[in-house]
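Taken in sequence, the protein lines are chains A and B.
Using full-length UniProt numbering, you'd call the opening residue of the first sequence number 1 and step up by one each time.
Using full-length UniProt numbering, you'd call the opening residue of the second sequence number 1 and step up by one each time.
Virtual Cβ for every residue (Gly too), placed ideally from N, Cα, C.
Quantities reported herein were computed from a predicted structural model and do not represent experimental measurements.
Report on one structure; see the data block that follows.
2 protein chains.
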Amino acid sequence: MKRKITLKQIAKELDVSISTVSKSLRNSLEIGEETRLKVQAFAKFYNYKPNNIALSLKNRKTKSIGIIIPEIVHHFFSTVINGVEQVANEHGYSVVICLSDDSFDKEVLNMEMLANGSIDGFIMSLSKETQFKGDFHHITEVINQGMPVVMFDRVTNDILCDKVIIDDKAAAYEAVQSLIDNGRKKIALVTTVDYVSVGKLRTDGYEKALLDNGIPFNEDLIIKIEDVDTCEITISELLHARAFDAVFAVNELFAVTIIKTASKMGLKVPEDLAVIAFTDGIISKYSTPSITTVSQSGEKMGNKAAKMLIERLEAEHDDDEEENENYTTEVIETHLIKRESTD
Amino acid sequence: MKRKITLKQIAKELDVSISTVSKSLRNSLEIGEETRLKVQAFAKFYNYKPNNIALSLKNRKTKSIGIIIPEIVHHFFSTVINGVEQVANEHGYSVVICLSDDSFDKEVLNMEMLANGSIDGFIMSLSKETQFKGDFHHITEVINQGMPVVMFDRVTNDILCDKVIIDDKAAAYEAVQSLIDNGRKKIALVTTVDYVSVGKLRTDGYEKALLDNGIPFNEDLIIKIEDVDTCEITISELLHARAFDAVFAVNELFAVTIIKTASKMGLKVPEDLAVIAFTDGIISKYSTPSITTVSQSGEKMGNKAAKMLIERLEAEHDDDEEENENYTTEVIETHLIKRESTD
DNA sequence: TTTCAACACTACCACGTTTTCGTAAACCAA
DNA sequence: TTGGTTTACGAAAACGTGGTAGTGTTGAAA
């Protein structure tokens with residue numbers, strides 16, 4: 001059990017000063033070649049690596065970025081992390097992850113914990129509870145301390161910062177339009193409760209597509225689901241009544257549940273019921289029938305978010321506090337992936 | 001943009017020494033009540049929080065643990081992270097994640113990066129390439145530096161450390177036995193290439209179950225798949241030949257592909273073909289028919305791994321270097337989740 | 001002999017904490 | 001007054017770096 005070697009130990013061993021060792025390793029010309037090579041050889045032999053913590057303290061930057069997301073066991077969020085990690089790694093950053101579990105308190109706690117020197121900047125997606133409460137003081141605070149924040153997917157207009165989103169409204173519009181193009185008239189929207197920002201936007205797109213096509217907007221065809229488990233009952237009732245011939249589901253879990261329910265009732269997908277889901281995940285791909293989805297590339301969002309954050313971090317290097325806070329909101333394009341659940 | 005306040009700034013502002021401030025905040029009795037309260041009030045007002053980096057440097061512990069896994073967009077691994085995060089958070093640790101992308105080099109790089117002071121200990125699952133090469137020097141090195149490592153799922157006997165695994169052999173045995181109990185005679189095994197440790201063990205369990213039931217072990221029924229995309233062709237050929245009436249697939253991706261292929265050919269699952277998969281993920285649950293799986297609770301593994309690691313970290317607190325390295329290997333129980341793909 | 005530069009290295013500070021040790025002032029007893 | 005004990009605080013070291021600013025020696029040019 002040999003602890004990691006430090007500059008001090010090398011200095012002592014070679015009987016030179018710490019600064020000499022430091023400079024030798026950074027190939028400073030101040031140090032004579034003989035000493036320099038001796039030190040380098042010694043350091044290499046003992047596999048010297050500068051201590052990250054000490055560097056962080058000294059440089060006031062940790063070279064790591066914090067991610068705060070509602071949950072990780074979720075295809076979309078894991079792809080985002082993947083995307084962030086790729087870019088972060090390329091730039092020598094590591095990634096610290098905290099989960100809010102969709103709880104406001106955990107989100108605040110985790111942010112405070114990380115903001116205290118552990119990371120250089122945040123990439124985050126708001127928890128449901130935070131969106132519901134509309135309380136963003138923890139984020140404002142972090143930003144006020146000069147720590148850059150990039151929000152993605154679940155964002156809010158109440159905070160000024162860089163953002164990466166998809167055009168939820170336009171994407172929903174496109175999906176619904178494609179259903180209409182296929183001759184569907186009674187299109188249901190299966191969505192979540194309203195306070196989740198994206199849910200609202202997708203509803204807007206749905207409504208607009210209907211109206212633009214002269215189809216009356218029927219409140220009864222909007223099914224708001226808080227818990228997936230209760231979904232099945234509601235759906236089957238409506239299906240029995242043959243209230244709709246197509247569904248636009250706001251996520252793939254809803255979509256697959258609907259398909260299963262319909263199949264049990266002897267309805268055929270897509271003949272009797274066409275289904276499109278938001279968020280392209282594995283379920284859609286491997287479900288039977290496979291589900292047409294509006295792709296939402298988490299990886300691209302992660303890439304972009306990381307790029308924006310790192311750019312801001314490196315720019316800050318000019319410590320003259322220029323404060324040119326020209327925040328941008330990046331919109332990631334989506335497209336429809338047609339599969340078996342639509343014709 | 002007010003930077004975070006430091007002890008030094010508080011000291012200057014209140015015209016006392018840094019030590020006085022530090023002690024006041026820790027409620028030391030050395031400091032008179034008046035001063036103490038004054039400092040505390042001031043600190044509270046400016047929302048003082050000790051800087052984590054400085055604390056880490058001083059205490060030589062970072063209160064964060066590193067996770068290295070092959071990939072994150074994978075249900076099993078995300079559940080493990082989830083499990084680790086829960087326990088870590090409870091104990092005031094944060095979680096740093098690095099992805100190896102199943103690459104040896106990235107695994108080494110990431111470990112070196114984190115080992116340099118950024119974290120107190122590792123939780124990891126080996127990359128395919130590492131298992132293939134059998135080169136574990138980076139892990140040995142980290143352990144020699146006195147940094148505890150807990151390995152899970154993809155482990156190796158070449159490294160002495162705490163481990164969390166499932167009894168792959170027994171679990172596979174159980175699955176195959178249940179197929180046999182249902183009257184299946186020609187059971188195929190769809191698995192990965194051999195160097196992935198778990199693949200080998202599952203094959204062993206499969207073989208043993210067959211032999212114990214007097215069923216001849218037929219090499220032709222073992223289908224090794226390196227790439228999921230080529231899977232379909234191989235499978236369909238064998239299905240045409242009606243070479244088997246049941247399949248034990250080593251992961252759910254293989255299983256769902258097999259079911260889809262069979263369905264296309266007009267075969268019914270489970271009547272014509274029973275399917276069991278390893279690893280309980282979302283695909284199995286939402287596939288049609290849903291797939292019987294051997295559950296492998298990633299969350300429990302993560303919980304356990306985190307507990308083991310943290311226990312070791314806190315125990316090390318007694319710096320008398322006792323070195324009682326009684327490493328243990330924890331086995332997480334599995335059980336069969338019966339669904340529609342078997343009768 | 002003086003002056004100057006090059007050389008080869010060391011001292012010191014800062015980063016933000018915690019902690020050990022020290023000490024001045026006040027109080028008390030003798 | 002002396003000696004001792006509190007009380008209340010401060011100085012400084014330590015954790016591991018890296019950069020700036022010296023410092024002392026040597027040799028050579030003036």
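Strictly by DSSP, which residues pair up with residue 362 of chain B? The displayed coordinates of chain B run from 1 to 343. Any statement about residue 362 of chain B would go beyond what the structure contains.
Terminal residues of the continuous beta strand (DSSP E) containing His-137 of chain A? Within the first sequence, the letter at position 137 stands for residue 137 of chain A. For His-137 of chain A, there is no enclosing beta strand (DSSP E); the residue is part of the alpha helix (DSSP H) that begins and ends at 137-144.
Identify the continuous alpha helix (DSSP H) that holds Gly-302 of chain A and give its terminal residues. The sequence position of residue 302 of chain A within the first sequence is 302, counting from 1. Going by DSSP, Gly-302 of chain A is part of the alpha helix (DSSP H) stretching over 298-315.
Since Glu-219 of chain A meets chain B, which of its residues come closer than 8 Å, beta carbon to beta carbon? Your numbering for residue 219 of chain A matches position 219 in the first sequence. Here the premise fails: no neighbours, minimum Cβ distance about 29 Å.
Can you name, in chain order, every residue of its own chain whose Cβ lies under 7 Å from the Cβ of Leu-267 of chain B, other than the five neighbours on each side? As a position in the second sequence, residue 267 of chain B is number 267, starting the count at 1. Only Leu-239 and Leu-273 meet the Cβ criterion.
Check the Cβ of Gly-121 of chain B against every Cβ in chain A and list those closer than 9 Å, keeping chain order. Mapped onto the second sequence, residue 121 of chain B falls at position 121. Simply none; closest approach about 14 Å.
Roughly how far, in whole angstroms, is the beta-carbon of Val-269 of chain B from the beta-carbon of Thr-292 of chain B, given that I think they are within contact range, below 8 Å? Within the second sequence, residue 269 of chain B is the residue found at index 269, counting from 1. Within the second sequence, residue 292 of chain B is the residue found at index 292, counting from 1. The C-beta distance from Val-269 of chain B to Thr-292 of chain B rounds to 10 Å, too long to fall under 8 Å, and the pair is not in contact.
Taking Ile-18 of chain B as the reference, give the member of B:Leu-7, B:Ile-68 and B:Ser-284 with the closest Cα. Position 18 of the second sequence, counted from the start, is the residue given in the question as residue 18 of chain B. Selected option, being the one with the closest Cα: B:Leu-7.
List, in order along the chain, the chain B residues whose C-beta lies closer than 7 Å to that of Met-113 of chain A? By 1-based counting over the first sequence, the position of residue 113 of chain A is 113. From the beta-carbon of Met-113 of chain A, the residues of chain B found nearer than 7 Å are Ser-94.
I want to know whether the stretch 172-187 of chain B touches the stretch 324-332 of chain B - three or more CB-CB distances under 8 Å. Output reads no: the stretch 324-332 of chain B does not touch the stretch 172-187 of chain B.
Which residues in the same chain have their Cβ closer than 6 Å to the Cβ of residue 383 of chain B, if we skip the five residues on either side of it in sequence? The requested residue 383 of chain B is not part of the displayed model; chain B covers only 1 to 343.
Ignore the nearest five residues each way along the sequence and tell me which others in Gln-40 of chain B's own chain have a CB closer than 7 Å to its CB. Residue 40 of chain B sits at position 40 when you count from the first residue of the second sequence. Excluding sequence neighbours, Gln-40 of chain B sits near Ser-24 and Leu-25.
Using 8 Å as the threshold, is the C-beta distance between Met-124 of chain A and Ile-67 of chain A below it? Translated into the one-based positions of the first sequence, residue 124 of chain A becomes position 124. Translated into the one-based positions of the first sequence, residue 67 of chain A becomes position 67. Contact flag set, yes.
Since Val-73 of chain A meets chain B, which of its residues come closer than 9 Å, beta carbon to beta carbon? Within the first sequence, residue 73 of chain A is the residue found at index 73, counting from 1. Simply His-75, Ser-78, Thr-79, Ile-81, Asn-82, Ile-282, Gly-298 and Glu-299.
For Gly-281 of chain B, which residues from the same chain have a beta carbon less than 7 Å from its beta carbon, with the 5 sequence-adjacent residues on both sides left out? Taking the first residue of the second sequence as 1, we reach residue 281 of chain B at position 281. Cβ-Cβ distances below 7 Å link Gly-281 of chain B to His-75, Phe-76 and Glu-252 in the same chain, with the five nearest sequence neighbours on each side left out; the list follows chain order.
Cβ contact check for the stretch 165-174 of chain B and the stretch 198-206 of chain B: 3 or more pairs under 8 Å: Yes: the two stretches touch, three or more of their Cβ pairs being nearer than 8 Å.
Is it the case that the Cβ atoms of Gly-117 of chain B and Ile-53 of chain A are separated by a distance below 8 Å? For the purposes of this step, residue 117 of chain B is identified with residue 117 of the second sequence, where counting begins at 1. For the purposes of this step, residue 53 of chain A is identified with residue 53 of the first sequence, where counting begins at 1. Yes, they are a contact pair.
Taking the C-alpha atoms as reference points, what is the distance between Phe-244 of chain A and Asp-220 of chain A? Mapped onto the first sequence, residue 244 of chain A falls at position 244. Mapped onto the first sequence, residue 220 of chain A falls at position 220. The straight-line gap from Cα to Cα measures roughly 10 Å.
What is the rounded straight-line gap between the Cα of Val-198 of chain B and the Cα of Asp-167 of chain B? Taking the second sequence and counting its residues from 1, the one referred to as residue 198 of chain B is at position 198. Taking the second sequence and counting its residues from 1, the one referred to as residue 167 of chain B is at position 167. For Val-198 of chain B and Asp-167 of chain B, the distance between alpha carbons rounds to 9 Å.
Hey, how far is the Cα of Phe-136 of chain B from the Cα of Glu-129 of chain A? Start at 1 with the first residue of the second sequence, and residue 136 of chain B comes out as number 136. Start at 1 with the first residue of the first sequence, and residue 129 of chain A comes out as number 129. Their Cα atoms are separated by approximately 44 Å.
Between which two residues does the beta strand (DSSP E) carrying Met-124 of chain B extend? Along the second sequence, one-based indexing puts residue 124 of chain B at 124. Where Met-124 of chain B is concerned, the enclosing beta strand (DSSP E) stretches over 121-124.
Reference Gln-86 of chain A, options B:Cys-98, B:Asn-182, B:Ser-78 and B:Asn-82, closest by Cα: Within the first sequence, numbered from 1, the residue matching residue 86 of chain A stands at position 86. Closest option to Gln-86 of chain A, judged by alpha-carbon separation, among B:Cys-98, B:Asn-182, B:Ser-78 and B:Asn-82: B:Cys-98.
Residues within the stretch 236-261 of chain A neighbouring chain B, beta-carbon criterion of under 9 Å: When CB distances to chain B are screened at a threshold of 9 Å, the residues of the stretch 236-261 of chain A falling below it are Glu-252, Leu-253, Val-256, Thr-257, Ile-259 and Lys-260, in chain order.
Of the residues B:Ile-337, B:Ala-249, B:Leu-336 and B:Arg-312, which one's Cα is nearest the Cα of His-91 of chain B? By one-based count along the second sequence, residue 91 of chain B stands at place 91. Checking every option, the nearest Cα to that of His-91 of chain B belongs to B:Arg-312.
Just to confirm the assignment, what range does the beta strand (DSSP E) spanning Lys-4 of chain A have? Along the first sequence, read from residue 1 onward, the residue named residue 4 of chain A stands at position 4. Lys-4 of chain A -> no beta strand (DSSP E), and no H or E assigned at all.
Pull up the distance between the alpha-carbon of Lys-264 of chain A and that of Asp-343 of chain B, whole angstroms please. As a first step, residue 264 of chain A must be located in the first sequence, where it is residue number 264. As a first step, residue 343 of chain B must be located in the second sequence, where it is residue number 343. Answer to the nearest angstrom: the Cα atoms are 18 Å apart.
Relative to the alpha-carbon of Lys-190 of chain A, which residue among A:Phe-122, A:Gly-298 and A:Phe-248 has its alpha-carbon at the smallest distance? Against the first sequence, residue 190 of chain A aligns to sequence position 190. The identity of residue 190 of chain A in the sequence shown is Val, whereas the question assumes Lys. When each option's Cα is compared against that of Val-190 of chain A, the closest is A:Phe-248.
According to DSSP, is Glu-333 of chain A part of a helix, a strand, or is it coil? The residue you call residue 333 of chain A lines up with position 333 of the first sequence. If DSSP states are grouped into helix, strand and coil, Glu-333 of chain A belongs with coil.
Could you give the distance in angstroms between the alpha-carbon of Ile-69 of chain B and the alpha-carbon of Ser-56 of chain B? Within the second sequence, residue 69 of chain B is the residue found at index 69, counting from 1. Within the second sequence, residue 56 of chain B is the residue found at index 56, counting from 1. If I take the Cα positions, the gap works out to 25 Å.
Determine, using beta carbons only, whether Ile-310 of chain B comes closer than 8 Å to chain A. On the second sequence, position 310 is the one that residue 310 of chain B refers to. Proximity of Ile-310 of chain B to chain A, defined by a Cβ-Cβ separation below 8 Å, is not satisfied.
Which residue from A:Leu-114, A:Gly-121, A:Lys-106 and A:Asp-102 puts its Cα closest to that of Gln-131 of chain A? Taking the first residue of the first sequence as position 1, residue 131 of chain A is located at position 131. Ranking the options by Cα distance to Gln-131 of chain A, first place goes to A:Asp-102.
Pop quiz: Ser-295 of chain A and His-335 of chain A are said to be a contact at Cβ under 8 Å. What is the actual Cβ separation, rounded to whole angstroms? Stepping through the first sequence from its first residue, residue 295 of chain A is reached at position 295. Stepping through the first sequence from its first residue, residue 335 of chain A is reached at position 335. Yes, Ser-295 of chain A and His-335 of chain A are in contact; Cβ-Cβ is about 6 Å, under 8 Å.
Nearest chain B C-beta to Cys-98 of chain A closer than 8 Å, yes or no? Against the first sequence, residue 98 of chain A aligns to sequence position 98. Answer yes: the Cβ-Cβ gap between Cys-98 of chain A and chain B drops below 8 Å somewhere.
Starting from the beta carbon of Arg-3 of chain B, find every residue of chain A whose beta carbon is closer than 9 Å, and list them in chain order. For the purposes of this step, residue 3 of chain B is identified with residue 3 of the second sequence, where counting begins at 1. By Cβ distance, chain A contributes Gln-145 and Gly-146.
Measure from the C-beta of Ile-69 of chain B to each C-beta in chain A and report whether the shortest distance is under 8 Å. Start at 1 with the first residue of the second sequence, and residue 69 of chain B comes out as number 69. Cβ-Cβ to chain A under 8 Å: no for Ile-69 of chain B.
Use the C-beta contact count for Gly-214 of chain A: other C-beta atoms within 10 angstroms, 16 or more gives buried, fewer gives exposed. For the purposes of this step, residue 214 of chain A is taken as the residue at position 214 of the first sequence. Counting Cβ neighbours within 10 Å, Gly-214 of chain A comes out exposed, since fewer than 16 surround it.
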